[in-house]
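Peer 1:
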Amino acid sequence: MARKVISGVLLFCLLIIDTNTRAILSSPDASHTTPSLPHDKMYNRLFTYLKNIRESPEEIQAWSRENIASLRGLLQKVSNLLKYIYQEFVCTAPLPPSSGGLVCVTINNVRYCKPMCNQGYDFSFLRRSQKILYEQCGDHTQFIGGSRLAVCIESRIPVSGAPSAYFPKEQDCEETVQDYSLEKQQIECFAKELKEDGITGEHNEVNDCLMCG
């Protein structure tokens, strides 16, 4: 029984973390070299296997250390994949403001985004306090501003935002994003601001980005 449960879970874990899993989930007609099941059947069978493991701790004690280590590794990969896909459902991609941009970082699976305006533009409402310098989206919250977090309007004197919420003179968002070192400076500045605001943890730098409107 124990070997049957292990082999079943391993089979479905391998199916889920296959490199073409996203194609399976998004396109029922996608060609694939790995045997696949209808979405509901794959979910139900995997859920049953995992539920049986949870309710039968005495069987786990009979497994070898190699089996336990192998299963733990696969389950961790599946967990990471599920978190990634789930976050895409929870957090829709925000739109950067025209005549400005949006710098975003991800810490502890929560997406933080700070709107920025080019020189000669200002925010349409006050954003000077730390609490509204940025917005966040994760398991328990979504971007308050909806898809567009801020609007930049023409203004000779920027007064609505914090000093770091404006691109430097002679260096608008488009020029910044074309120079990796300048882009990195803006991302690191935002990450530092988050840290100063008490937001620390696992920083997923792969998802760091600067988008221009």
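My numbering puts the first residue of the sequence shown at 1, with every later residue one more than the last. Even for Gly, the Cβ is constructed at its ideal location relative to N, Cα and C.
1) Since V151 and P97 should fall inside the 8 Å C-beta cutoff, what is the C-beta to C-beta distance between them, to a whole number of angstroms?
2) Going by DSSP in three states, V177 sits in which element: helix, strand or coil?
3) What residue range is occupied by the uninterrupted alpha helix (DSSP H) comprising I199?
4) Return yes when the C-beta of V177 is under 7 Å from any heavy atom of the ligand NAD, and no when it is not.
5) Let me make sure I understand the geometry here. Which of Q61, Y112 and T48 has the alpha-carbon closest to that of N204?
6) By a C-beta neighbour count over all protein chains shown, 10 Å radius and 16 as the cutoff for buried, is D29 buried or exposed?
7) Under a Cβ-count criterion, where at least 16 other Cβ atoms within 10 Å of its own Cβ denotes burial, should S99 be classed as buried or exposed?
8) Can V105 and D208 be called in contact, C-beta distance under 8 Å?
9) How would you write the range of the alpha helix (DSSP H) that E154 sits in, first residue to last?
10) Who are the near neighbours of Y121 in its chain, counting only those whose CB is closer than 7 Å to its CB and skipping five residues on each side?
11) When burial is assigned at 16 or more other CB atoms within 10 Å of the CB, is P94 buried or exposed?
Peer 2: So, to answer that:
1) 6 Å
2) helix
3) Note, I199: premise wrong, no alpha helix (DSSP H); not H, not E.
4) Absence of the ligand NAD is noted for the structure shown, with no ligands found whatsoever.
5) Y112
6) Any reading at D29 must be qualified, since the residue scores a pLDDT of 41, below 50, and its modelled position is unreliable; the value itself is stated next. Counting Cβ neighbours within 10 Å, D29 comes out exposed, since fewer than 16 surround it.
7) buried
8) It is a contact, given that the beta carbons lie within the stated cut-off.
9) Premise fails: E154 lies in the beta strand (DSSP E), C152 to E154, not in any alpha helix (DSSP H).
10) S99, G100, C152, I153, E154 and S155
11) Under the 10 Å beta carbon count, P94 is surrounded by 16 or more other beta carbons and is classified as buried.
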